[in-house]
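Residue numbers for the sequence shown follow UniProt numbering, beginning at 1 and rising by one. Read through the structure below, which is laid out as structure tokens, and then see the notes.
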Amino acid sequence: MLTINGLIFAVGTTVLALSPATVSSPVLATELPVLTVGLALMVTATAFLLRAGLAPLDGLTALMERVDSLRSGDRMETGGNGDLGHLVATFNAMLDRLEADRSSSTARVLAAQEAERQRIARELHDEIGQSLTVVLLQLKRVVDRVPAELTEEMRMVRENVRGCLDEVRGVARRLRPGVLEDLGLPSALAALVTEFENVEGLELSKNLENPPDLDPDTELVIYRIAQEGLTNVARHSRASRARLTLARGPGQIVLEVTDDGCGPPEKDGSGILGMRERALLIGAKLSITGRPCGGTRVRLAVPIDNARNPHPAGALTEPPELT
């Protein structure tokens with residue numbers, strides 16, 4: 001600010017000294033227009049230079065208003081010089097630190113969450129599941145010895161216990177997708193689709209390509225986001241049809257969950273926030289948008305760098321649209 005005002009004052013003094021204009025004391029009426037024009041030029045130049053010099057503040061303010069730690073990479077160009085350029089660079093560095101800290105914290109939280117899921121799944125399978133299996137075997141022996149009039153009731157009890165055992169196994173499977181570790185991501189996603197096909201009134205289809213050899217954490221993130229996406233379809237979308245797609249594109253792997261339901265929510269809930277946190281953890285981009293023909297599209301683009309041995313990616317083919 002001091003430099004700008006000093007420059008304007010020096011230019012005005014130079015022009016006054018070299019021009020034929022004079023200023024009397026007291027000021028004559030004929031000299032007033034010259035002074036007015038000179039003052040107007042100085043004010044205009046000052047306003048222009050101040051606006052140009054402080055322009056980065058508008059961009060910085062807009063960035064502060066829209067910045068979201070779950071949507072990384074939003075930065076402001078540091079083209080300015082001086083104090084403002086340093087301020088912008090410092091603000092960008094602060095965002096880098098905050099995103100790094102959040103990513104690290106999210107990684108620890110999700111790792112603890114997955115460990116707890118596995119512990120609960122083991123207990124359900126090894127303790128409750130085994131106990132229910134023993135009860136089924138005992139009931140089988142009892143059914144063979146009870147009076148005839150109680151046989152049907154005992155069989156109903158046995159079938160109820162068998163149903164509970166199936167539910168326990170299903171919960172354990174959702175908590176710890178063993179098929180993901182044993183057979184890989186496409187098989188795990190196919191099993192996930194089969195599980196959700198039992199939802200009444202929902203027609204579910206899939207198109208799953210074999211991805212490159214992914215890091216286990218990346219596979220788990222893709223699986224969990226697909227699981228949450230299908231859960232949202234089943235619970236909230238009121239859709240009649242949905243589709244799960246996994247495809248390889250230029251430099252990325254793309255997961256999509258689309259439906260023909262009521263469209264995306266106006267505000268992110270805890271499930272969607274969890275999806276965004278997982279995507280941020282592996283450097284992927286998650287978008288949840290409406291579809292032109294109605295419904296919702298959940299799209300996760302994972303950089304191919306997250307593969308252990310990336311294969312040349314083919315052209316991304318758009319999955320058939322739901323109509």
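Ideal Cβ placement from N, Cα and C applies to all residues, glycine included.
Residue i burial status per 10 Å Cβ neighbour count (16 or more: buried)
{"i": "P312", "result": "Because P312 sits at a pLDDT of 37, beneath the cut-off of 50, its placement in the model cannot be relied upon, and the following sentence gives the value as read from the coordinates. With fewer than 16 Cβ atoms within 10 Å of its Cβ, P312 is classed as exposed."}
{"i": "M275", "result": "buried"}
{"i": "A10", "result": "exposed"}
{"i": "Q130", "result": "exposed"}
{"i": "A112", "result": "exposed"}
{"i": "T317", "result": "Confidence in T317 is poor, its pLDDT being 39 and thus under 50, which makes the residue's placement unreliable; the coordinate value appears in the next sentence. T317 should be labelled exposed."}
{"i": "A315", "result": "Legend: pLDDT at A315 = 36, less than 50; position of this residue unreliable, value from coordinates given subsequently. So A315 counts as exposed."}
{"i": "T133", "result": "exposed"}
{"i": "T323", "result": "Because T323 sits at a pLDDT of 46, beneath the cut-off of 50, its placement in the model cannot be relied upon, and the following sentence gives the value as read from the coordinates. Exposed, since its Cβ has fewer than 16 Cβ neighbours within 10 Å."}
{"i": "A284", "result": "buried"}
{"i": "N309", "result": "For N309, the pLDDT reaches just 42, beneath the cut-off of 50, and the residue's location in the model is therefore unreliable, leaving the point undetermined."}
{"i": "N160", "result": "exposed"}
{"i": "E321", "result": "Reliability of the predicted coordinates at E321 is poor, the pLDDT of 48 falling under 50, and the value obtained from them is presented with this limitation in mind. Label assigned to E321: exposed."}
{"i": "N198", "result": "exposed"}
Rounded Cβ spacing between residue i and residue j (contact assumed at less than 8 angstroms)
{"i": "Q252", "j": "P303", "result": "6 angstroms"}
{"i": "I222", "j": "L300", "result": "7 angstroms"}
{"i": "F196", "j": "L230", "result": "5 angstroms"}
{"i": "G290", "j": "G261", "result": "G290 to G261, Cβ: 10 angstroms. No contact."}
{"i": "S205", "j": "R243", "result": "5 angstroms"}
{"i": "V179", "j": "A172", "result": "At roughly 12 angstroms, the Cβ-Cβ gap does not stay under 8 angstroms, so V179 and A172 are not in contact."}
Contact check, residue i vs residue j, beta carbons under 9 angstroms
{"i": "I282", "j": "V298", "result": "no"}
{"i": "R162", "j": "L137", "result": "no"}
{"i": "L183", "j": "I225", "result": "no"}
{"i": "N207", "j": "L246", "result": "yes"}
{"i": "R176", "j": "Q227", "result": "no"}
{"i": "A239", "j": "D268", "result": "no"}
{"i": "L95", "j": "R75", "result": "yes"}
{"i": "L185", "j": "R158", "result": "no"}
{"i": "L63", "j": "L87", "result": "no"}
{"i": "E114", "j": "L220", "result": "yes"}
{"i": "M156", "j": "V146", "result": "no"}
Closest residue to residue i among the options (Cα-Cα distance)
{"i": "G201", "options": "N210, R241, P212, R173", "result": "R241"}
{"i": "I120", "options": "T133, R169, E153", "result": "R169"}
{"i": "R102", "options": "L286, D305, R278, K285", "result": "R278"}
{"i": "G249", "options": "L41, V257, N210", "result": "N210"}
{"i": "S237", "options": "A107, G263, L214, V37", "result": "G263"}
{"i": "S105", "options": "L286, C293, L280", "result": "L280"}
Paired residues, beta bridge with residue i - DSSP
{"i": "R248", "result": "I253"}
{"i": "V298", "result": "V257, I288"}
{"i": "E197", "result": "Its beta-bridge partners do not exist; DSSP assigns none."}
{"i": "A242", "result": "L204, D259"}
CB contact below 9 angstroms: residue i versus chain D
{"i": "R169", "result": "In the structure shown, chain D cannot be found, because there is only a single protein chain."}
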